[in-house]
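Engineer: Just so you know, the sequences run in chain order A and B. Note that the first sequence ends on residue 266 in this note's numbering; no numbers are left out. Note that the second sequence ends on residue 522 in this note's numbering; no numbers are left out.
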Amino acid sequence: MSSRKRSARRLPWAWMLVALIGFLFLVLPLVGLVLQVPWSSLGTDLSTPEATSALRLSLVCSLWATALAVLFGVPIAWVLARVEFPGRSIARALVLLPMVLPPVVGGVGLFYALGRDGLVGRYLHDWFDIQLTFSTTGAVVAETFVALPFLVITVEAALRSMDRRYEDAAATLGAKPFTVARRVTLPLILPGLIAGAALAWARALGEFGATITFAGNVQGRTQTTPLAVYLLLESRPELAIGLSVVLLAVCIAVLALLRDRWFAVG
Amino acid sequence: MIQVVFMLGLVGALVMTSCGSNSSQPSSTVTGTITVSAASSLTEAFAKIGRNFETANPGASVTFNFGPSSTLKTQIVQGAPADVFASADVENMHELHIAGLLHGRSTVFAKNRLVLVTKPGNPQQVETLNDLANVGTISLCGRDVPCGRYAAQAFRAAGVAIAETRITRGADAKATLAAVTTGDADAAIVYATDAEAAGSSVATVRLPDARNVTAVYPIAALQGSARPALALRFIRYVESPQGEATLRSFGFLPPR
């Protein structure tokens, strides 16, 4: 306690001022949004068919995307953290690329890969009659693409920071590798896995660019909440703001859930 | 202390540069910079007109803000700095007129028509709006964007109804067209000028005149302009024979 007080006193107050300006810069847009919420009509606004179908789609797609991110992300993280192979750092960079890539670019890439005439998409279409574009599955694919790296980076960090002696001990006692993974490693990284899944879910929920580019903007099929907000800003801004605030509330809830993992200070 | 002065100076400098562009210069001169908020269907034509205008008026420069007319109108209502507004419909211009935000009156400077575009070669042989009933996914502009409203009018005139689950909606004509050029949409309804700009990446099907809808493009100077003289000069240039020729070369129709 006393040491923290001392460091606070040593911080130049000019820095505090700049920090305050930066803080306000981050918070003011949220305040602006919340002040615009038409609270009295919010209930009726959010129960219109456009709003309910967008919210329902957002929930369904983001949960599927999170499940797929866990399914593929945990093995990827495992390989990146534990297996030495040439080009590992390049592989990691490629896995993390969707985090920094403009999502619209990701959507265009998905189209050329999985669209009806895409690299792989043409076979999906010709052989199995599967078309991902303009389908809810396509929206899930786009969300998974942007959400997966968040899960990988979080789980990989957990795997690297865990104490491996527990695994060694279990192996010494005769446990098979799969048993070690299931009974020792997974429970140890579970908090990291939950945090990664929550981040991936929040990212999938907010996904816009890749979804509208790859899956299109079809009401009831691919028009998730962010897409609906974008179009409704033209015609019914009050509904767009209502939906934005629902997303904002969900994101705050996710951060609150994660506070002990990532945001606790000392 | 020196640190503090430096920081405050930095903040001050940032504030100054962001406001500096529209100070000094008496409004009677035609030098300086104006911002033109224009419907996204005007992107290519206005970019060229802007370059020609700058060549004809040394010392003047034009920056453009392209987007859906309804978004541009909202930006202007909320105080976004703009000197000229060119809309793809009369309604959005009229709302600014009602709000008292126009400097003078608006004039119609161009017209546009709707066309149907498909993948190159028109593989599904779409010839009329009725044929769209049998085609996979159709890309239309948002319901409240001008090109979306015009498309709805054309469908009503043709007596064709398309299920909403087969419609993907773009925020403006460019995004709507992109769903065909860089997407799996089988057809789109956009402006003739957008189809022209897309060249061979789409096949264009003209709609019969009786079923077509004419988009009307009004232009006006804005009340909030810091350079009304330059704004008016730009509008006069758009309406001049040179401006009209440029617009026509991009597929626009003359206003009369």
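Don't be surprised by glycine CBs; every beta carbon is placed ideally from N, CA and C. Values in this document were obtained by computation on a predicted structure and should not be read as measured data.
Which residues does DSSP list as the beta-bridge partners of P484(B)?
Structural biologist: BP columns for P484(B) point to V374(B).
Engineer: Quick one, which of L68(A), L233(A), S40(A) has its alpha-carbon nearest A147(A)'s?
Structural biologist: Among L68(A), L233(A), S40(A), the Cα nearest to that of A147(A) is on L68(A).
Engineer: Could you tell me which residues DSSP pairs with Y457(B) in its beta bridges?
Structural biologist: Y457(B) is bridged to L380(B).
Engineer: Give the single residue among I315(B), A346(B), R435(B) whose Cα lies nearest to the Cα of T213(A).
Structural biologist: Closest by alpha carbon: R435(B).
Engineer: L222(A) by DSSP, collapsed to three states: which one?
Structural biologist: As written in the sequence, residue 222(A) is Thr, which differs from the Leu given in the question. Coil.
Engineer: For P334(B) and chain A, any beta-carbon pair shorter than 9 Å?
Structural biologist: yes
Engineer: So which residues on chain A does E430(B) lean against when the C-beta distance must stay under 9 Å?
Structural biologist: V218, Q219, G220
Engineer: Could you tell me which residues DSSP puts in a beta bridge with L20(A)?
Structural biologist: Bridge partners of L20(A): none, in fact.
Engineer: What are the start and end residues of each continuous alpha helix (DSSP H) run of 4 or more residues lying completely inside the region 108 to 162 of chain A, in chain order?
Structural biologist: 121 to 128, 136 to 161
Engineer: Here's a check: name, in chain order, each residue in its chain whose Cβ is nearer than 8 Å to the Cβ of L276(B), leaving out the five neighbours to either side.
Structural biologist: Legend: pLDDT at L276(B) = 44, less than 50; position of this residue unreliable, value from coordinates given subsequently. Nothing meets the Cβ criterion.
Engineer: If you draw a straight line from the alpha carbon of T470(B) to that of F25(A), how long is it in whole angstroms?
Structural biologist: 47 Å
Engineer: Check whether the region 427 to 434 of chain B and the region 478 to 489 of chain B touch, using three or more Cβ-Cβ pairs below 8 Å as the test.
Structural biologist: no
Engineer: Taking only three categories from DSSP, how would you classify T299(B)?
Structural biologist: strand
Engineer: Could you tell me the distance, in whole angstroms, from the CA atom of V254(A) to the CA atom of G206(A)?
Structural biologist: 12 Å
Engineer: Let me check one thing: in DSSP terms, what residues is G333(B) bridge-paired to?
Structural biologist: Looking at the DSSP assignment, G333(B) forms a beta bridge with A305(B).
Engineer: Measuring CA to CA, which of D438(B), T512(B), P507(B), A495(B) is closest to T299(B)?
Structural biologist: Nearest option by C-alpha distance: A495(B).
Engineer: Taking the straight line between their C-alpha atoms, what separation do you get for T66(A) and A197(A)?
Structural biologist: 6 Å
Engineer: Which partner residues does H369(B) have in the DSSP bridge list?
Structural biologist: Answer by DSSP bridge pairing, in chain order: A487(B).
Engineer: Can you find a C-beta in chain B that's less than 9 Å from the C-beta of D117(A)?
Structural biologist: yes
Engineer: Hey, is E234(A)'s beta-carbon within less than 9 Å of any beta-carbon in chain B?
Structural biologist: yes
Engineer: Given a cut-off of 9 Å, decide if V479(B) and L380(B) are closer than it, judged by their beta-carbon atoms.
Structural biologist: In contact: L380(B) and V479(B) (Cβ atoms closer than 9 Å).
Engineer: Of all Cβ atoms in chain A, is any one closer than 9 Å to the Cβ of D450(B)?
Structural biologist: yes
Engineer: Between the alpha carbons of W13(A) and L20(A), how many angstroms are there, rounded?
Structural biologist: 10 Å
Engineer: Could you check whether the Cβ of S405(B) sits closer than 9 Å to any Cβ belonging to chain A?
Structural biologist: yes
Engineer: Is T133(A) close to chain B? Criterion is C-beta to C-beta, closer than 9 Å.
Structural biologist: yes
Engineer: How many whole angstroms separate the CB atoms of L362(B) and F351(B), which I take to be in contact at a CB cut-off of 8 Å?
Structural biologist: The Cβ separation is near 7 Å, so the contact holds.
Engineer: Can you tell which of P187(A), R221(A), A256(A) has its C-alpha closest to the C-alpha of V155(A)?
Structural biologist: P187(A)
Engineer: Considering just the uninterrupted stretch of the alpha helix (DSSP H) at F500(B), what are its terminal residues?
Structural biologist: 494 to 505
Engineer: I'd like the list of long-range same chain contacts for N288(B), defined as Cβ closer than 6 Å, with 5 residues on each side in sequence excluded.
Structural biologist: At N288(B) the pLDDT is 41, less than 50, meaning the model places this residue with poor confidence and gives no usable figure here.
Engineer: For L272(A), count neighbouring Cβ atoms within 10 angstroms of its own Cβ and tell me buried if that reaches 16, exposed if not.
Structural biologist: For residue 272(A) there is no data in the structure shown, the boundaries of chain A being 1 and 266.
Engineer: Specify the secondary structure class of G73(A) as computed by DSSP and reduced to three states.
Structural biologist: helix
Engineer: Whole-angstrom Cβ separation of V140(A) and W78(A), contact assumed at under 8 Å?
Structural biologist: Actually they are not in contact, since the Cβ atoms of V140(A) and W78(A) sit about 23 Å apart, beyond 8 Å.
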